[in-house]
Amino acid sequence: MAHPHVVNAQDLPWSESTRGLRIAMRRKQLGAAAQGQKLGCSLFELPPGKQSWPRHYHLANEEALFILEGSGTLRLGDETVPLKAGDYVALPAGPACAHQLINESGSPLRYLAFSTMLEPDVIVYPDSKKVGVLAGAAPGGNKAARTLEAYLPLGSQVSYWTGEEG
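Residue numbers for the sequence shown follow the numbering used here, beginning at 110 and rising by one.
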């Protein structure tokens, strides 16, 4: 019998995410399957011509990417960086490391994505000018445990005392 903290990627099913014409990916959540607590790891496959999540950065969690096979382009901060198999990318929290991976090649792009699993977390999406606030479970964590999940326009604001008049 295998140990509950040991998983083999071959034994896990892919989950698929598609949004519109640009975003499509397959994912195996290795860290969750191995009962990881403070470090997440997922195996991703990005089809040709597709991109990963909307460009974003975290205020609490650090992420990293390790390219296993294929090539792609990483939007990183204000730069565009080519990536290929064997490249490792550190993505510390904060706006300087806003990121999005794009597969402009004709072959699938496979990579490992690592993340600290801190909560609460605030995620900023500079292109779509919105902010996400998560508590109870980190991004990629157990959604059933999530106590707060809100996505709001960045310009949306009320004063501290709004709604407290009574």
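Just so you know, even glycine gets a beta-carbon here, dropped at the ideal spot from N, CA and C.
Mind checking which residues open and close the beta strand (DSSP E) that includes residue i?
i, result
"residue 181", "180 to 185"
"residue 259", "257 to 262"
"residue 241", "239 to 244"
"residue 209", "208 to 211"
"residue 274", "Careful: residue 274 lies outside any beta strand (DSSP E) and carries neither H nor E."
"residue 276", "There is simply no residue 276 to check, as the chain begins at 110 and stops at 275 in what is shown."
"residue 149", "148 to 155"
"residue 126", "124 to 128"
Taking the beta carbon of residue i as the centre, do at least 16 other beta carbons fall within 10 Å, making it buried, or is it exposed?
i, result
"residue 160", "buried"
"residue 265", "exposed"
"residue 248", "buried"
"residue 115", "exposed"
"residue 252", "exposed"
"residue 257", "exposed"
"residue 263", "exposed"
"residue 250", "buried"
"residue 137", "buried"
"residue 167", "buried"
"residue 111", "exposed"
"residue 222", "buried"
"residue 254", "exposed"
Quick check on DSSP: helix, strand or coil for residue i?
i, result
"residue 119", "helix"
"residue 139", "helix"
"residue 133", "strand"
"residue 235", "coil"
"residue 169", "coil"
"residue 199", "strand"
"residue 191", "strand"
If you measure between the beta carbons of residue i and residue j, is that distance less than 8 Å?
i, j, result
"residue 245", "residue 260", "no"
"residue 139", "residue 152", "yes"
"residue 149", "residue 224", "yes"
"residue 183", "residue 206", "no"
"residue 216", "residue 181", "no"
"residue 218", "residue 229", "no"
"residue 220", "residue 165", "no"
Is any non-hydrogen atom of the ligand GTP found closer than 7 Å to the C-beta of residue i, if you look at the structure I gave you?
i, result
"residue 138", "The model on display carries no ligand, and the ligand GTP is accordingly not part of it."
Could you tell me how far apart the beta carbons of residue i and residue j are, in whole angstroms, since I believe they sit closer than 8 Å?
i, j, result
"residue 202", "residue 171", "6 Å"
"residue 209", "residue 270", "The Cβ separation is near 37 Å, so there is no contact."
"residue 123", "residue 135", "4 Å"
"residue 200", "residue 176", "Rounded, the Cβ-Cβ distance is 13 Å, inconsistent with contact."
"residue 190", "residue 173", "Not a contact, Cβ separation roughly 14 Å."
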